[in-house]
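Asker:
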Amino acid sequence: MRADNSQHIVDAAHRRSEYTRSKAIQALRAFDAEGERVTFETVAKRAGVSRSWLYAQPDLRAEIEQLRAAHRRAPASPLPARQRTSDASLLRRLEAANARIRRLTEENQQLREHLSRALGEQRAATTRTGQPRGGASNPRSVTIGPC
19 MRADNSQHIV DAAHRRSEYT RSKAIQALRA FDAEGERVTF ETVAKRAGVS RSWLYAQPDL
79 RAEIEQLRAA HRRAPASPLP ARQRTSDASL LRRLEAANAR IRRLTEENQQ LREHLSRALG
139 EQRAATTRTG QPRGGASNPR SVTIGPC
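For the sequence shown, the positions run 19 to 165 when our numbering is used.
(1) Are the beta-carbon atoms belonging to R86 and V61 less than 7 angstroms from one another?
(2) Quick test of the definition: if touching needs 3 or more C-beta pairs under 8 angstroms, does the segment 107-114 touch the segment 62-82?
(3) Report yes or no: do three or more beta-carbon pairs, one from the segment 41-52 and one from the segment 62-73, lie closer than 8 angstroms?
(4) Just mark A31 as buried or exposed, buried being the case when its beta carbon has 16 or more other beta carbons within 10 Å.
(5) Which residue's Cα is closest to the Cα of G138: I162, A88, A74?
(6) Tell me where the alpha helix (DSSP H) around E139 begins and ends.
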């Protein structure tokens, strides 16, 4: 009676399957890193696998479709997907910029009010000392208007 060698065949098939998956994943990463257009055909050619095999792998199929859709949205974008900004990231940056604009506007308004008070006090001190008032005769006179 012969020994059962079927486990060796199963192990070899498993290794071949993992090797094939790794080639497909490497091809996907390479296309993404290069910013190239990703399709089932191009991934299959680079990985040396069939398109039907790629379609049968749910995770690889989803990633190919996602990269393909991202490329359609931004065809001129040479950046890999992992380096592109997400919508959530852009929203956070926009919120931070708006908050900074609000703070700077408030600070600007406070500085205008402070300057206005200081110039008013300076003018009042000048008129108390009896020096002449007027735009042309007072070279240090400053007019502040809204900006």
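Heads up, the beta-carbon is just placed ideally off N, CA and C, and yes, glycines get one too.
Answerer: The answer reads as follows:
(1) No. Outside cutoff.
(2) They do not touch, by the three-pair rule.
(3) Flag = yes, the segment 41-52 and the segment 62-73 touch.
(4) So A31 ends up on the exposed side.
(5) It is I162 whose Cα lies nearest to the Cα of G138.
(6) Start and end: 105-146.
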